[in-house]
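Please read the structure below before turning to the comments.
Number of protein chains: 2
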Amino acid sequence: MALNLHAVTSRDDPRIAPYTAVRERDLTGRDGLFLVEGKVTLEVCITRARFDLDSVFLEEGRVPVLAELLEKLPYSVPIYTAPQSLMDQIAGFPIHRGILACARKAPETDFGGWLSAQTGATTLALCIGTSNHDNVGAVFRNCAALGADGVVLDETSCDPLYRKAIRVSAGTALWLPYYHGGSGETLLDTLKGEGWTIWTLTPGETATNLYKTPRPDRLCLVLGPEGPGLSDALLARGERVRIPMANAVDSLNVATSLAIALSHRLSG
Amino acid sequence: MALNLHAVTSRDDPRIAPYTAVRERDLTGRDGLFLVEGKVTLEVCITRARFDLDSVFLEEGRVPVLAELLEKLPYSVPIYTAPQSLMDQIAGFPIHRGILACARKAPETDFGGWLSAQTGATTLALCIGTSNHDNVGAVFRNCAALGADGVVLDETSCDPLYRKAIRVSAGTALWLPYYHGGSGETLLDTLKGEGWTIWTLTPGETATNLYKTPRPDRLCLVLGPEGPGLSDALLARGERVRIPMANAVDSLNVATSLAIALSHRLSG
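Top line first, the protein sequences correspond to chains A and B. Counting in the numbering used here, the first sequence runs from 59 upward without gaps. Counting in the numbering used here, the second sequence runs from 59 upward without gaps.
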């Protein structure tokens with residue numbers, strides 16, 4: 059099958075504008091577009107993701123290697139190619155794997171509509187104030203591996219379609235259902251109104267021991283911001299559950315805490 | 059109490075040689091010395107660590123703020139101070155928190171001797187080929203929080219006293235007992251000879267389900283290198299144990315897998 063290939067010869071070619079100055083634009087956004095990098099995430103994008111690709115940008119030697127995968131692209135999606143040095147100039151740093159793609163974010167919906175569309179879902183993670191891209195990526199990876207049906211992120215959490223979050227998520231941010239927006243209070247009230255049991259993971263001694271708490275039918279695990287933790291108003295909306303710890307060390311990484319709670323849930 | 063303070067006025071002052079070109083020297087080593095940075099790790103170093111401090115290097119404005127902590131230092135440990143700009147020049151990048159210290163590694167011992175000194179230990183983690191500093195740091199943090207008594211790292215794993223590993227470990231690499239050196243085969247043979255049960259965490263379907271395996275009295279959890287996993291020769295030395303997963307996602311981060319297994323062990 060023919061590929062929709064276009065050789066790029068100038069860094070000023072307007073068709074590759076979304077790929078210019080990648081790092082600076084990670085911070086300022088791309089108007090509804092986002093970038094992915096590397097073979098694994100491109101493959102997820104083409105075969106499994108819920109997002110439409112706008113274009114692909116490859117180091118020219120990659121085309122034959124990736125031909126089988128690229129043939130699965132709709133012909134309408136252009137594939138731009140350039141020599142490595144030009145690609146690096148355009149991106150603003152070395153793109154060692156020579157693979158970038160630009161995709162379009164999904165249109166926004168309201169949380170109630172999103173939640174009712176998750177038919178059959180029994181386990182969700184809710185991030186409140188999770189502003190670290192590594193942590194958001196790890197939350198997705200752990201949810202995907204350990205049987206959560208989706209991720210909810212409040213408006214103060216970071217975008218899971220940020221390039222680094224996608225990479226740390228091992229591409230799972232591209233296919234695991236998620237909702238991003240609204241305040242923690244509003245999201246929790248909606249979940250409770252729909253009959254979800256809310257557990258907030260917290261290190262406090264007064265919280266219930268994870269391993270001694272009956273596992274509910276529909277569970278939303280709430281992760282607070284690292285450092286300050288969740289406010290009293292948010293804690294009051296759920297049951298406080300703690301992971302038993304040793305050595306007077308009272309802190310685990312948020313994504314690690316989530317993994318422990320999800321694995322325990324999946325085990326029985 | 060008086061502090062052993064010394065103002066540094068030149069980047070060529072030989073007394074602050076261990077603090078020059080921090081990043082380059084992270085890669086080449088410091089002849090038995092290592093650096094720590096930040097208040098939390100300095101505090102661990104002074105109050106809890108198994109290592110002797112050689113010196114402390116502070117942005118000059120930090121001295122009054124840290125006085126209470128610094129008074130716990132033996133007077134023989136010099137505290138060098140400099141303005142922020144000179145400190146940054148010496149280190150080669152901005153030391154935002156203005157706190158560095160230089161400590162001395164412990165003398166090397168043999169593994170058999172180290173192991174027999176861990177009286178009362180019932181849970182160890184063994185890293186084989188864990189070359190990523192973030193992962194080694196996270197292994198220590200998770201071991202400390204979830205009740206492991208020590209960490210063993212083979213010779214191909216990275217140094218837990220590397221600056222970034224200490225930081226990610228939240229300082230636990232400075233006080234949790236560990237042994238670093240030797241081949242995976244030798245380490246495992248010694249552990250088995252001393253009656254330790256060996257579990258290798260592996261995603262294979264043929265492995266035993268973690269949650270359906272009786273918990274042994276003395277357990278060493280083995281983590282393999284990311285990517286290739288453990289060799290057959292190493293796998294043959296223990297029991298293969300898997301964490302149940304969903305969605306055909308067959309991979310968790312090594313430190314996250316360890317946290318799940320440790321938490322399950324600590325729970326019962």
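Don't be surprised by glycine CBs; every beta carbon is placed ideally from N, CA and C.
Ranked by Cα distance from I148/A, the options L116/A, S189/A, P165/A are led by L116/A.
By the 16-neighbour rule on beta-carbons within 10 angstroms, N267/A is exposed.
At a cut-off of 7 angstroms, the C-beta of G205/B has a neighbouring C-beta in chain A. Assigned with DSSP and collapsed to three states, F92/B falls in strand. The beta carbon of P122/A sits no closer than 7 angstroms to any beta carbon of chain B. Contact holds between the region 309-318 of chain B and the region 311-324 of chain A, because three or more Cβ pairs, one in each stretch, are under 8 angstroms apart. The Cβ atoms of F198/B and T177/B lie no closer than 7 angstroms to each other. Between the alpha carbons of P283/A and D207/A lies a distance of about 22 angstroms. With fewer than 16 neighbouring CB atoms inside 10 Å of its own CB, F151/B falls in the exposed class. In this structure, the alpha-carbon of R273/B lies about 19 angstroms from that of L293/B. It is roughly 6 angstroms from the alpha-carbon of W233/A to the alpha-carbon of R106/A. Under the three-state reduction of DSSP output, I153/A falls in the coil class, being neither helix nor strand.
Exclusion of the five residues before and after E252/B leaves L173 as the residues of its chain whose Cβ lies within less than 7 angstroms of its Cβ. Chain order gives the chain B residues near S325/A as Y269, P302, where near means a beta carbon separation below 7 angstroms. The residue among G205/A, T181/A, Q142/A, L279/A with its C-alpha nearest the C-alpha of V66/A is Q142/A. The closest CA to that of M303/B, considering only C201/A, D146/A, M145/A, is found on C201/A. By a beta-carbon distance limit of 8 angstroms, K97/B contacts I157/B. Their separation comes to about 6 angstroms. Under a criterion of Cβ atoms nearer than 8 angstroms, no residue of chain A is adjacent to N190/B; the nearest Cβ is some 13 angstroms distant. Contact of L277/B with chain A by beta-carbon distance below 8 angstroms is absent, the smallest such distance being about 15 angstroms. Looking at the DSSP output, C216/A bridges to nothing. Between the alpha carbons of S189/A and E82/A lies a distance of about 18 angstroms. In the three-state scheme derived from DSSP, where H, G and I count as helix and E and B as strand, Y269/B is classed as helix. Here E117/B is bridged, per DSSP, to A140/B. Among the CB atoms of chain B, none fall inside 7 angstroms of the CB of I104/A.
The DSSP-derived three-state label of L127/A is helix. Under a 10 Å Cβ-count criterion, H154/B is classified as exposed, with fewer than 16 other Cβ atoms of the shown protein chains found around its own Cβ.
E126/A and I137/A have their alpha carbons spaced roughly 14 angstroms apart.
Within the same chain, Cβ atoms closer than 7 angstroms to the Cβ of L245/A are found at F169, L184, V210, D212, the five residues on either side in sequence being excluded.
Among the CB atoms of chain B, none fall inside 7 angstroms of the CB of L316/A. The three-state reading of DSSP puts W233/B in coil, since its state is none of H, G, I, E or B. The three-state secondary structure of V209/B, taken from DSSP, is strand. In the structure shown, the three-state DSSP call for A164/A is coil. Residue contact check for S113/A against chain B: no CB pair falls below 7 angstroms. L131/B is positioned such that its CB atom lies closer than 7 angstroms to that of I104/B. When secondary structure is reduced to three states using DSSP, W257/A falls in the strand class. Against chain B, a Cβ distance below 8 angstroms from N193/A picks out nothing, because the smallest value is about 12 angstroms.
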